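Have a look at the structure below before the remarks.
In the UniProt record's numbering, the protein residues as written are 1 to 318.
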């Protein structure tokens, strides 16, 4: 068995942590500060009229704003302070599963050549469309939601010095947590590379990639995104994008697929404390991601497919 290049894994871990840290630290710091300004309330007031179309009260805009600007943990903390029905909690959870942490995750997408605006727009559209459909198709879930396992934090900071300190602590903690995950992750990936496990896994993924119109070589990107997410799996996504040299079409389709369905384990289990059934939540994400990818691949054929379709009439006419 080939020897593992641990130095290369450490270098990759440091490089990935540094690249993501440059994105996550300022974004987290800025949003943490904005939470204590009128900006968040202003955004909530703008969104409140649209909430009724999705069967949600105006205050449900708070976790949606926090989740999209910051992360799912901030959103769930806000949900725990609201009096919502089971159906309303499920709608908010589905919306957040499609659309969360937009600035950081979209910045990762931009690093691999995909428009951040496109990714953000698609994810927000999926969130709104799914909420609208659930609201009008699901007749039930009117019982009051029963939260468990996690209790919201009630203490509020006093004064801008304390607010700034908490914001810096939150941003620094985010980088530390990222490093704790990224380094062993990149070491594990390096081990899988040197032992050629990723190559074998890519072969297993090929039959699943082609029907979705995705390049078979991108199976490692899809696997990394599904398991670790766009942020934690950024090291895999960025490195594979550089090494394999995908076309803009292939990279865009893979990133949009992962935008709709990534970190399926973490982003599903994180909603368990809200007391909802998370299996339908997971199935909705997977089904929507597959259908969206099939539509994009149909309307945006690969160069090879386009060449074959253009040649077909010529080959038939003798």
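Where is the CB? At the ideal position from N, CA and C, for every residue including glycine.
On a predicted model such as this, the values are computed, not experimentally measured, just so you know.
Contact check between the region 262-269 and the region 278-287: three or more CB pairs, one atom from each, fall below 8 angstroms, which counts as touching. Non-local C-beta neighbours of residue 93 in its own chain, meaning closer than 7 angstroms and more than five positions away in sequence, comprise 271, 274, 276, 281, ordered along the chain.
No residue range can be given for residue 215, since it is assigned to no alpha helix (DSSP H) and is classified by DSSP as neither H nor E. Residue environment: residue 293 is assigned as buried (16 or more neighbouring CB atoms within 10 Å of its CB, all protein chains considered). Distance from the CA of residue 211 to the CA of residue 166, rounded to the nearest whole angstrom, comes to 48 angstroms.
The beta carbon of residue 27 is closer than 7 angstroms to those of 103, 104 in its chain, skipping five residues each way along the sequence. The criterion of a C-beta distance shorter than 9 angstroms is satisfied by residue 54 and residue 131.
Segment contact: the region 75-85 against the region 104-120, fewer than three CB-CB distances shorter than 8 angstroms; contact not assigned. Leaving aside the five residues that flank residue 29 on each side, the residues in its chain whose CB is nearer than 8 angstroms to its CB run, in chain order, 167, 168, 170, 171. With contacts defined by Cβ atoms closer than 9 angstroms, residue 254 and residue 290 do not form a contacting pair.
It is roughly 42 angstroms from the alpha-carbon of residue 219 to the alpha-carbon of residue 36. In the DSSP assignment, residue 254 falls within the alpha helix (DSSP H) that extends over 248-260.
Note: residue 85 is bridge-paired with 144 in the DSSP secondary-structure output.
Beyond the five residues adjoining it in sequence on each side, residue 127 comes within less than 7 angstroms, by CB distance, of 95, 98, 99 in the same chain, given in chain order. Going by beta carbons, residue 225 and residue 296 fall outside the 9 angstroms limit. Rounded to the nearest whole angstrom, the C-alpha separation of residue 48 and residue 125 is 17 angstroms. Cα atoms of residue 146 and residue 61: separation of roughly 20 angstroms, rounded to the nearest angstrom. Going by DSSP, residue 244 is part of the alpha helix (DSSP H) stretching over 234-244. In the structure shown, residue 115 adopts coil according to DSSP, grouped into three states. By the neighbour-count definition (other C-beta atoms within 10 Å, threshold 16), residue 56 is a buried residue.
DSSP places residue 42 inside the alpha helix (DSSP H), whose first and last residues are 38-51. One thing to note: residue 263 has its Cβ within 9 angstroms of the Cβ of residue 229.
The beta-carbon distance between residue 64 and residue 74, rounded to whole angstroms, is 11 angstroms. This is too long to meet the 8 angstroms contact definition. For the pair residue 227 and residue 42, the Cα-to-Cα distance works out to about 36 angstroms. With a 10 Å radius around the Cβ and a threshold of 16 neighbouring Cβ atoms, residue 123 comes out buried. By the beta-carbon neighbour count (other beta carbons within 10 angstroms, threshold 16), residue 188 is exposed. Counting only the Cα atoms, residue 87 lies some 9 angstroms from residue 144. Annotated as proximal: residue 256 and residue 114, with beta-carbon spacing under 9 angstroms. Less than 9 angstroms separates the beta-carbon of residue 239 from that of residue 12. Distance from the CA of residue 4 to the CA of residue 216, rounded to the nearest whole angstrom, comes to 26 angstroms.
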